[in-house]
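Numbering (UniProt numbering), first residue to last: 1 to 432.
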């Protein structure tokens, strides 16, 4: 049966959700579940959780746990990546140092100065994973959840011999569900086409039996002034298509919101909210750990995680559609060929098969290109050890550039490089 590896398995809540899906598919119930994490205590907790779930379900899956990544991925059929390089302390630096310069952020993991530095410390590890897979599991599929999604898959297929990498994210699926619910139409009756860049994709088609459901959405927005106090609704009104990212997250990728205190208040943007979410995650980890130690286990609840659905389809031939983040290569004709784009993908025994979307509306593609400019320079900075590209990525970042002048952006970059130190590529640290 399938050998499924979770890299970063110490992310307990995420691992629990994935395992709840994987282990409750009868066709996957005999799989080898392999766990890897560099935090020994968290790895032990993840292993205890997986073994408890197997016993509770009464299935034949096996569980292995490795602190050594190469031992974990050798012979893998599927690898699911969920790492967070640097942990909580690195995330705090991504918020606190920019905040001292007046740069506001909400999540700081996708774009913005925080997203840039999250990528710079994650890409070296991802290159290592890609090289390991090319050598030890060349036929595997790598599903990655780690942000920044527009940069992490790009770094693997551009920086290693391993090319079979797919980024997965709930945003497109959840946005489609939200829109269907808002206009009162069952989701299964709606024809959607959603594509672009992860966390800045757009719903390009939203209709039922030839009816443009955007007309209903416009009526809702006109009738409820509070809806206009959402960033994603403002983006929709100005660009004509509904974006896939939440308002708090989407505000970080644009120059019009976080740099202006009055706009933060108008659009009710929760600055720094990600630190609160992380604190909740640590509490949840402690709860699960205590429950396992006391023999009570954890909830086993199916959640339709995209990686688990894709693996099931690849193992059984059950055909599904998911949104995947893959090398463009012409899938979206007016975005850069090498960029990571988010498009619908068919999945079955033949693997993940991206759908050719064609040309995006000009205004949507233009907005995506401002996003991808930062992504491309950040990936190149990490792969080539180019400090100058880090400056350039930050200078082109919409929120950072709207907040600070050139001199202060360069000083901010220098401070973040010094603070993150050994987590960053050597060339970036030393190339002053």
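Note that the Cβ used here is the ideal one computed from N, Cα and C, for glycine as well.
If we call anything under 9 Å between Cβ atoms a contact, is residue i one with residue j?
| i | j | result |
| --- | --- | --- |
| residue 109 | residue 147 | yes |
| residue 360 | residue 169 | no |
| residue 69 | residue 31 | no |
| residue 171 | residue 122 | no |
| residue 21 | residue 303 | yes |
| residue 400 | residue 103 | yes |
| residue 417 | residue 369 | no |
| residue 427 | residue 376 | no |
| residue 198 | residue 167 | yes |
| residue 374 | residue 310 | no |
| residue 28 | residue 73 | no |
| residue 203 | residue 241 | yes |
| residue 394 | residue 113 | yes |
| residue 341 | residue 320 | no |
| residue 144 | residue 156 | yes |
| residue 190 | residue 176 | yes |
| residue 50 | residue 15 | yes |
| residue 11 | residue 129 | no |
| residue 495 | residue 300 | There is simply no residue 495 to check, as the chain begins at 1 and stops at 432 in what is shown. |
| residue 62 | residue 289 | no |
| residue 356 | residue 322 | no |
| residue 35 | residue 397 | no |
| residue 420 | residue 120 | yes |
| residue 349 | residue 317 | yes |
Based on the DSSP output, what are the partners of residue i in its beta bridges?
| i | result |
| --- | --- |
| residue 354 | 345 |
| residue 193 | 205 |
| residue 324 | 168 and 343 |
| residue 243 | 202 |
| residue 332 | 358 |
| residue 315 | Paired residue(s): none; residue 315 is not in a bridge. |
| residue 211 | 208 |
Going by C-alpha to C-alpha distance, which of the options sits closest to residue i?
| i | options | result |
| --- | --- | --- |
| residue 268 | 379, 258, 57 and 282 | 258 |
| residue 179 | 163, 141 and 233 | 233 |
| residue 47 | 424, 8 and 397 | 8 |
| residue 95 | 196, 412 and 177 | 412 |
| residue 42 | 316, 138, 13 and 254 | 13 |
| residue 343 | 318, 193 and 139 | 193 |
| residue 98 | 289, 372 and 271 | 271 |
| residue 253 | 184, 106 and 155 | 106 |
| residue 24 | 45, 44 and 53 | 53 |
| residue 174 | 350, 246 and 235 | 246 |
| residue 115 | 149, 163 and 137 | 149 |
| residue 358 | 196, 296, 59 and 221 | 196 |
| residue 275 | 397, 294, 89 and 288 | 89 |
| residue 5 | 256, 209 and 137 | 137 |
| residue 222 | 231, 237 and 406 | 237 |
| residue 208 | 390, 228 and 185 | 185 |
| residue 100 | 408, 420 and 248 | 408 |
| residue 165 | 181, 188 and 139 | 139 |
| residue 277 | 248, 293, 294 and 262 | 248 |
Over what stretch of residues does the beta strand (DSSP E) that includes residue i continue unbroken?
| i | result |
| --- | --- |
| residue 141 | 141-144 |
| residue 32 | 32-36 |
| residue 261 | Element bounds for residue 261: not the beta strand (DSSP E) but the alpha helix (DSSP H), 261-266. |
| residue 441 | Lying outside 1 to 432, the shown extent of the chain, residue 441 is not represented and no answer is given. |
At what residues does the alpha helix (DSSP H) containing residue i begin and finish?
| i | result |
| --- | --- |
| residue 78 | Residue 78 -> not in any alpha helix (DSSP H); beta strand (DSSP E) instead, spanning 78-81. |
| residue 62 | Element bounds for residue 62: not the alpha helix (DSSP H) but the beta strand (DSSP E), 62-66. |
| residue 52 | 40-57 |
| residue 123 | 112-136 |
| residue 253 | Neither: residue 253 is in no alpha helix (DSSP H) and is coded neither H nor E. |
| residue 108 | Segment: none, residue 108 is in no alpha helix (DSSP H) and carries neither H nor E. |
| residue 282 | 273-293 |
| residue 431 | Careful: residue 431 lies outside any alpha helix (DSSP H) and carries neither H nor E. |
Helix or strand or just coil, what does DSSP make of residue i?
| i | result |
| --- | --- |
| residue 417 | helix |
| residue 98 | helix |
| residue 27 | helix |
| residue 182 | helix |
| residue 337 | coil |
| residue 84 | coil |
| residue 298 | coil |
| residue 160 | coil |
| residue 385 | coil |
| residue 404 | coil |
| residue 226 | helix |
| residue 188 | helix |
| residue 427 | helix |
| residue 397 | coil |
| residue 411 | helix |
| residue 269 | coil |
| residue 147 | coil |
| residue 155 | helix |
Against chain C, does residue i count as a neighbour if the rule is that its beta carbon must be under 9 Å from one of theirs?
| i | result |
| --- | --- |
| residue 88 | Note that chain C does not occur in the displayed structure, where there is just one protein chain. |
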